[in-house]
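For reference, the structure is listed below as C-alpha cells.
Protein chains: 2
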Amino acid sequence: MTLSSDAARRYARDQAPRFQQELFEMLRIPSLSGDPAYAGEVRRMAEWLAAHLRELGLDKVQVMPTAGHPVVYGEWLGAGPTKPTVLVYGHYDVVPAALEDGWETPPFEPVEKDGRVYARGATDDKGQLFIHLKALEAYLKSAGAAPVNVKFLLEGEEEVSSPNLRPFLEAHLDLLRADVCVISDSSMRTSEEPAITHSLRGMTYLEVEVRGPSDDLHSGFYGGAVHNPALALVELLGKLYNPDNTIAVPGFYDDVVPLRADERAMIAKTDLTDEQLRQATGVAAAWGDARYTIRERVSARPTLDINGLWSGWTGPGPKTIIPSKASAKLSSRLVGNQNPHKVFEQLKAYIETLAPPTVQVTVRLLNTGEPALIPYDLPEMQAAARAYERGWGATPVFTRGGGSIPVVADFANLMKLPVVMMGYGLDDDGLHAANESYSLAMFQRGIETAIVYLEELASL
Amino acid sequence: MTLSSDAARRYARDQAPRFQQELFEMLRIPSLSGDPAYAGEVRRMAEWLAAHLRELGLDKVQVMPTAGHPVVYGEWLGAGPTKPTVLVYGHYDVVPAALEDGWETPPFEPVEKDGRVYARGATDDKGQLFIHLKALEAYLKSAGAAPVNVKFLLEGEEEVSSPNLRPFLEAHLDLLRADVCVISDSSMRTSEEPAITHSLRGMTYLEVEVRGPSDDLHSGFYGGAVHNPALALVELLGKLYNPDNTIAVPGFYDDVVPLRADERAMIAKTDLTDEQLRQATGVAAAWGDARYTIRERVSARPTLDINGLWSGWTGPGPKTIIPSKASAKLSSRLVGNQNPHKVFEQLKAYIETLAPPTVQVTVRLLNTGEPALIPYDLPEMQAAARAYERGWGATPVFTRGGGSIPVVADFANLMKLPVVMMGYGLDDDGLHAANESYSLAMFQRGIETAIVYLEELASL
Chain A
1 MTLSSDAARR YARDQAPRFQ QELFEMLRIP SLSGDPAYAG EVRRMAEWLA AHLRELGLDK
61 VQVMPTAGHP VVYGEWLGAG PTKPTVLVYG HYDVVPAALE DGWETPPFEP VEKDGRVYAR
121 GATDDKGQLF IHLKALEAYL KSAGAAPVNV KFLLEGEEEV SSPNLRPFLE AHLDLLRADV
181 CVISDSSMRT SEEPAITHSL RGMTYLEVEV RGPSDDLHSG FYGGAVHNPA LALVELLGKL
241 YNPDNTIAVP GFYDDVVPLR ADERAMIAKT DLTDEQLRQA TGVAAAWGDA RYTIRERVSA
301 RPTLDINGLW SGWTGPGPKT IIPSKASAKL SSRLVGNQNP HKVFEQLKAY IETLAPPTVQ
361 VTVRLLNTGE PALIPYDLPE MQAAARAYER GWGATPVFTR GGGSIPVVAD FANLMKLPVV
421 MMGYGLDDDG LHAANESYSL AMFQRGIETA IVYLEELASL
Chain B
1001 MTLSSDAARR YARDQAPRFQ QELFEMLRIP SLSGDPAYAG EVRRMAEWLA AHLRELGLDK
1061 VQVMPTAGHP VVYGEWLGAG PTKPTVLVYG HYDVVPAALE DGWETPPFEP VEKDGRVYAR
1121 GATDDKGQLF IHLKALEAYL KSAGAAPVNV KFLLEGEEEV SSPNLRPFLE AHLDLLRADV
1181 CVISDSSMRT SEEPAITHSL RGMTYLEVEV RGPSDDLHSG FYGGAVHNPA LALVELLGKL
1241 YNPDNTIAVP GFYDDVVPLR ADERAMIAKT DLTDEQLRQA TGVAAAWGDA RYTIRERVSA
1301 RPTLDINGLW SGWTGPGPKT IIPSKASAKL SSRLVGNQNP HKVFEQLKAY IETLAPPTVQ
1361 VTVRLLNTGE PALIPYDLPE MQAAARAYER GWGATPVFTR GGGSIPVVAD FANLMKLPVV
1421 MMGYGLDDDG LHAANESYSL AMFQRGIETA IVYLEELASL
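Protein chains in written order, with this note's numbering: chain A, 1 to 460; chain B, 1001 to 1460.
Structure below.
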C-alpha cells in the first residue's frame, strides 16, 4: 500500500509561510562558486543545508569534500528495500550579482513583491532545489514516513561547470545507488505549460589551425605563389556542409537514433515557426536541414557550428599581409546515440583529408560532453507526467533541450539512471541576470508536484 | 651636341669624401614623419635640402606646404627647351629608430664601418635621393651646365603613405611638367646585378561582413536552425578561387595585359625556384596558377588574398556561441591594365551573388591603388639600362615589383610620365630595421650612374 500524498499536501499548504521564510534564509547566503573570495560563504551554504537535512531527520548527512566546493549528502531510506529510491540532484551555488548590474534591491537580501521573491539564486537553483527538501519534509512531518526512499546530492559547483562532480560520482557509486534521478533546474514554457526534458545534446568541441609561412608575409612580395592559410581554412570549412545543409562529414549521422513518428508528434507540440525564430534571433530567414522542423533541428538533430574564426589583421583599415596561420573553433551538438570522441575522430579525419599539401593543418580536441536521451515512455517519466497533472494542475509536454548539461549524461550513462528533468522555473525568471526572481505560487505548486511524484513512483 | 659625362664623373670621384660628409649631415636629422613630436625635425630636413639645392644653383627652390609635411622643390632648366626634362622624386622622411630596437650605434649619429655608413635613412631614402643631387652638382660644378633639365620633388611623407602627395601633384601639374620621372627608392638583387623596376602591382582592398542574428546566440538553443554567419562567410570565401587556383570572380582577368614571350623571357632571368620560395617563406610547397612561373605569379599576375578573418570567440578554450557576425579583409594585387574600382565592383557583385538569403552580406571598399606598367622598350628605359652598363659597370635586368607604390602609378597615370625606377640599394641594407646601412661604394657608383643617365637622356 502506498502512502497517500493528501496529508503531505495539506501540511505543505499549512506551512507555506514558514517554507518561504526558510527559502529566504538560503537566499541570504552569497554562495558564489566562481569567486575564491566567497569560498567561505559557499561552505556556509553547504553547512546550512546539512543542518537542515538533519533537522528533517535524514541519515548520513555529510558535507563531503571534493577538489573544489563540497557536496552535501543526506538520505532517508525508511520506505524500505521494496520501494524505489529517488536521487535528487540540485546545486546550491549561484552566479555573481551586484547592485551596479541593474538590481533594484540588493541581490542577497530577498524581497517579496507581487507574489515573487527577488534574489540571486531564487529560481536557479535554490528555489527549485528547496522544493524537494520541503516535499520530503511534508511526508515526514505529516505521516512520519515517505512513500519512497530519497537521497539528496547537492552540488556547489554547477555554475563553474561541475569540474569535480564526475569523479565524485565515480567514487561514490554505492552510496548514490538509486532507481531514478530527479533534477529541477530547468524551465517550463509558461506557468500553465509544464515541460519534462527527456533529451539533451552532447558536444564535441575542437580547434582547427592552418599554418602556412613561418611568419606573416608581405602580400606584394609573395601573393600569388603562397597558399594563404586563411584561404586554405575557408576552402576547407566551406566543405563542412552539403548544399542541402546536412553535415558532409562521412559517418557523422551513423549513430543518430532516428526519430519515431510519435516522437515527432511530441516535438511538434512545441514547434517554433519561422516567424518566431526570426523574432527571437533577428535572422533574415530560418536555415537548416529542410527534412526536419525548426524545433527538431534545434533539439533533436546534431549540428556543426563555427564558434570562432581568426587570422591575420583584424584591426581597422588595411594591412597587406599573407597571415602565417588561420584558426577556427568548431563545435558539434550531438544527439543520442552519438559518441563525442567518435565524432571528433570523424571530423578530424575529414578535415585532414581535405587539407591540401601546401599548408599544415592541425585538429585539436577542446572538450566533449555526452548526449542524454531518456525515452519518455519509461514508467518513471510517465509518473512525472501524472505528478504534474495532479500536483501542478496541467499536463506537461516532453521536450528535448538543445543544450548540454554534462551531469545529466553522467547520471544517465555512468550511473544508468533514468533522469527526470522536472523544471519548476520560467525563462522569464531572469536566471543569471539582474533581478532574478521566483514565483512563490510556482514554488508552492512545485512542492505539491514533487510530493505527488514520490507517491506516483511508489506505485510503479 | 650632348655634354659629356666624363668631367662630371671625374668631379664626383674627386669630391667623394665631401659628398659623404654631406650625406652624414642629412642622416643626423631625425626626420621621422610618423611622430608629431618630430615635425620640427622633418621641417629642418626640408629646409636643409632647400638650402642645399640653392647652393647648387637651382631655381625656384621652395619648401612648399601640404596638409602634412612639406615638399621641397627646385629646378635647373638651363639645358633649354629642346632638351628633355627629368623629374627626380625622392623622400627625405624616415621611419622610427631607437637604440633599444637593437641598434649598435645611435641611429641618428652616422658611423662609417667597413665601407658602409650606419644610420636610419642611409639607404631609404636619403642616400639614394642624395645621389641625384650630387649627380646634378657634378655637371654644374664641372661644366657649368647639365645635359638635360632637372626638377626635384622631395617628399616628407612617404613613410606614412604619402597622404598629401596626389593632391600636391594635381595642384602643380604645370610646375612639375617633365618628360621622364626617375625614382631611386628600391633595391638591386646584388650589387653586381642592378635592376630597373618597370611594373608595380595595384591594389583593391575591401572588407566583407556577414551578419546573421542580432546578437551572439547560444548554440544549444539555436544551433541547427540559424545560418551561422561564420559558416556563411567561409562558404562564400571558399568560392573565391577555382580548383586550378585561378580567381573565380567573373571578368577579373579581362583587362590583364597578356605577357609577351620576350617579357616572360625577361622575368625568367630572375625566377624563383620552388626551393627558394620554401626557404624564404617556410611554406610546405609553392601554390598558385600553374600556367605561370613563381616569379610571374608574384609580380606579373594579379592575386586575391585574405588578409584578415574574424568572428565569434577567439580566446582560449571553448565558448558555444553562434556569432552574430563574421568579417574578412580581402585584397587583390592588380597588374596593368586592371582598374581597381572596376575590380572592386566585380568582387562586390560576385560576393553579393553568392550571398545566401539567410544572412546579410556587406562589401565595403577600404582603399585602392592603381597598377603601373611602363614598357621597358621605351627609350627612357633603355637609356637607363645603358646608364647602368656604363656608370655602374653591370647590365641591369628589368623587373616587376609585386608590391604597390601609389606615387609611381600617380606619376605614370596622372602625369603621363614614363617612370624609371633605378634602385641603388640592397634588400640587405636593413631598411626599416635596426642598423640600417648603405654601402659608400654603391653611393659612389650610383652617382656615376645617375650622371651617365642624364647624358643618355640628352641623346635620345
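For glycine and all other residues, C-beta sits at the position ideal for the given N, C-alpha and C.
Alpha-carbon to alpha-carbon, residue j and residue i
i	j	result
I451 of chain A	E380 of chain A	15 Å
Y438 of chain A	K1348 of chain B	52 Å
V1420 of chain B	A1412 of chain B	10 Å
S191 of chain A	F152 of chain A	26 Å
P1213 of chain B	I306 of chain A	14 Å
V485 of chain A	Y1038 of chain B	Residue 485 of chain A lies beyond the residue range present for chain A, which begins at 1 and ends at 460; the question has no answer from this structure.
W1310 of chain B	Q1021 of chain B	51 Å
K269 of chain A	A195 of chain A	11 Å
G1078 of chain B	V1148 of chain B	8 Å
P1406 of chain B	P1316 of chain B	40 Å
T395 of chain A	I1351 of chain B	51 Å
L1165 of chain B	H1432 of chain B	21 Å
D254 of chain A	E207 of chain A	23 Å
V1042 of chain B	A1387 of chain B	33 Å
Q1015 of chain B	A1328 of chain B	55 Å
P243 of chain A	L426 of chain A	38 Å
I1247 of chain B	T273 of chain A	40 Å
P1163 of chain B	D271 of chain A	58 Å
L365 of chain A	L330 of chain A	10 Å
heavy atom of the ligand SAH below 6 Å from residue i C-beta
i	result
A1050 of chain B	For the ligand SAH, the structure offers nothing, since it holds no ligand at all.
Residue i burial status per 10 Å Cβ neighbour count (16 or more: buried)
i	result
G1080 of chain B	exposed
S4 of chain A	exposed
K1416 of chain B	exposed
S459 of chain A	exposed
G224 of chain A	buried
D185 of chain A	buried
D1093 of chain B	buried
P65 of chain A	exposed
E1436 of chain B	buried
K60 of chain A	exposed
Run of the alpha helix (DSSP H) containing residue i, from where it starts to where it stops
i	result
D951 of chain B	A question about residue 951 of chain B goes unanswered here, because the residues of chain B that appear run from 1001 up to 1460.
S431 of chain A	The sequence shown places Leu at residue 431 of chain A, rather than the Ser named in the question. Unbroken run through L431 of chain A: none, as it is neither H nor E.
S219 of chain A	219-222
G1127 of chain B	1127-1143
G40 of chain A	39-56
T353 of chain A	340-354
Where the beta strand (DSSP E) through residue i begins and ends
i	result
V1361 of chain B	1360-1369
E112 of chain A	111-113
F1398 of chain B	1397-1401
R333 of chain A	325-334
W1310 of chain B	1305-1312
S1439 of chain B	1437-1439
K1319 of chain B	Careful: K1319 of chain B lies outside any beta strand (DSSP E) and carries neither H nor E.
F1152 of chain B	1149-1155
E209 of chain A	202-211
I1029 of chain B	Note, I1029 of chain B: premise wrong, no beta strand (DSSP E); not H, not E.
Given residue i as reference, the closest of the options once Cα atoms are compared
i	options	result
H218 of chain A	B:R1009, B:A1458, B:G1403	B:G1403
P371 of chain A	A:D101, A:L231, A:H341, A:L87	A:H341
I267 of chain A	A:T273, A:A290, A:G238, A:R295	A:R295
R1333 of chain B	B:E1389, B:L1354, B:V1256	B:V1256
D1461 of chain B	B:S1033, B:D1377, B:W1392, B:V1234	Since the first and last residues shown for chain B are 1001 and 1460, residue 1461 of chain B lies out of range.
A1434 of chain B	B:W1103, B:Y1011, B:P1096	B:W1103
S31 of chain A	A:D125, A:G369, A:G446	A:D125
V1408 of chain B	B:I1374, B:V1397, B:A1385	B:I1374
L1354 of chain B	B:L1237, B:G1057, B:P1302	B:L1237
R1278 of chain B	A:T358, A:C181, A:A178, A:A138	A:T358
Short-range partners of chain A found in the stretch 1347-1372 of chain B, where Cβ spacing is below 9 Å: Here the close residues are P1356, P1357, T1358, V1359, Q1360, L1366, N1367.
Against chain A: residues of the stretch 1191-1216 of chain B by CB proximity under 8 Å: Per Cβ criterion, the list reads R1201, M1203, Y1205, G1212, P1213, S1214, D1215.
Where the stretch 1154-1186 of chain B meets chain A: residues whose CB sits under 9 Å from a CB there: Within the stretch 1154-1186 of chain B, no residue has a Cβ that lies closer than 9 Å to any Cβ of chain A.
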